[in-house]
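Since the structure comes first, as structure tokens, the remarks are kept for the end.
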Amino acid sequence: MRFETLAVHAGRGPDSATGALVTPIYQTSTFVFEDIGKTRGYDYSRSGNPTRRALEDSLVALEGGRSCCASATGMAAETTVIHLLRRGDHVICGDDIYGGTYRLFSSVMQEYGLEFTFLRLDKRLALEQAIRPNTRMIWLETPSNPLLNITDIEMVTDVARKRDIITVADNTFATPYFLQPINHGVDIVVHSTTKYLNGHCDVVSGAIVTASSELGERVHFLLNAMGTCASPFDCWLVLRGIKTLAPRMRMHQENALKVSEFLSRHPKVRRVFYPGLATHPGHDIAKKQMRGFGGMVSFEVNGDLNSVHALLRNLRVISLAESLGGADSLVEHPMTMSHLSMPLEARKAAGITDQLVRLSVGLENGDDLVEDLENALKFV
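For the sequence shown, the working numbering assigns the number 18 to the initial residue and increments by one for each residue that follows.
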């Protein structure tokens, strides 16, 4: 089946008990045993739940993986995956990643004996030179958050495969509609399903999709042991959102291209980051490995922090808020919001400036979004 059909049907089927078309919410903590040591497939919702299983089966189909575990949040997914490693292991990670990921790695997991190298993953030689005897994982975002850098996934997986290194791709920005990292050799895909997969800004949840059953078993063991699983109701909300993922992503992209083209011509905008623009340095790689460019746009304002604040305070349609991927267009200031937990030196090294603004372009009329930005930029 093609993607749009999978998004509607994969992991779902009429309820065996009632024939209900929509997957029921199995809002239960426990399941009755048929006999001692005999269940109907479920015993306790932390270990497994039919609603969660439906979501996991859907994501396996959409990502082209072998196994999936739905988690309580996107950060719960990342925390679970990083626990595949042991004290003394080394991780190479993109340098302009989500601030919460940076915080987890540098401020939490480093304290437990993991080692991290943060590196722009755009050159094969630099990646190979960063590998140590104890390197066990390469972690990437493409497009990255917030600079929308594009990583050549097949280059990374080729380097990793020859050295038996696990590769992990955060596919939150692109979604499986635009990119399926497993098809390019990635071992594990993580999602904040809070974002585009849910699409309505009414849930926090995450997911881990693995390319192999063996990795899937290891991840499920950790998810069950650590209790990082998703609740049935949250899974149901994400399942509902996935049905409309394809048309939503097409509209997000249409609006994002319109907004990025407008911003690239505006005299008060210094630079625009959107892989759909031919001027983006990763444009050709994105065209090669993606079927579209997504709905995220970042840009730098000409001026100082006061200029940025003037822009943010004068938007009327676009709301100042963290998160992304919903119907509502959102704007945020990485330096004081999503990447506040990243040290100043790390932000500077990655190229995250005080003037950087990140847009999650929503599903409103694109002309209204352009007009809103145009009016707000008058105050810059």
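All C-beta atoms in this analysis are idealised placements derived from N, C-alpha and C, irrespective of residue type, glycine included.
What you are looking at is a predicted structure, and each value in this text was computed from that prediction instead of being measured.
Rounded to whole angstroms, the gap between the alpha carbons of ARG149 and LEU376 is 37 Å. For ALA338, the secondary structure class from DSSP, reduced to helix, strand or coil, is coil. For the pair THR68 and LEU256, the CB atoms are nearer than the 9 Å cut-off. Inclusion of ALA94 and SER229 in the CB contact set at 9 Å is not warranted, their separation being larger than that value. Straight-line spacing of the CA atoms in LYS179 and ASN392 works out to 53 Å. With a 10 Å radius around the Cβ and a threshold of 16 neighbouring Cβ atoms, THR189 comes out buried.
In this structure the region 114-128 does not touch the region 69-88; the number of beta carbon pairs closer than 8 Å is below three.
Where ILE99 is concerned, the enclosing alpha helix (DSSP H) starts and stops at 91-99. For HIS269, the uninterrupted alpha helix (DSSP H) run begins and ends at 262-282, by DSSP. Closest by C-alpha distance to VAL206, out of PHE50, GLY36 and LEU79, is LEU79. Of the candidates ILE167, GLU171, TYR129 and SER315, the residue whose Cα lies closest to the Cα of ARG137 is ILE167. By DSSP's assignment, TRP156 forms a beta bridge with CYS110 and VAL185. Short of 6 Å from the beta carbon of ILE99, and not among the five residues preceding or following it, lie these beta carbons of its own chain, in chain order: MET126.
Straight across, the Cα-Cα distance linking THR97 with MET268 is about 33 Å. Separation of ASN272 and ARG83 (C-alpha to C-alpha, rounded to the nearest whole angstrom) is 33 Å. Looking from the CA of ARG153, the closest CA among PHE135, SER324, ILE170 and ALA177 belongs to ALA177. Looking at LYS140, LEU142 and ALA147, the one whose alpha-carbon comes closest to that of PHE133 is ALA147.
Measuring C-alpha to C-alpha distances from LEU254 to each of ASP32, GLY216 and MET313 identifies GLY216 as the nearest. Partner residues in the beta bridge of THR227, as assigned by DSSP, are SER84 and ILE205. Rounded to the nearest whole angstrom, the C-alpha separation of ALA87 and VAL378 is 26 Å. Here the alpha carbon of ARG265 sits roughly 7 Å from the alpha carbon of LEU380.
Pairing SER355 with GLY116, the inter-Cα distance amounts to about 6 Å.
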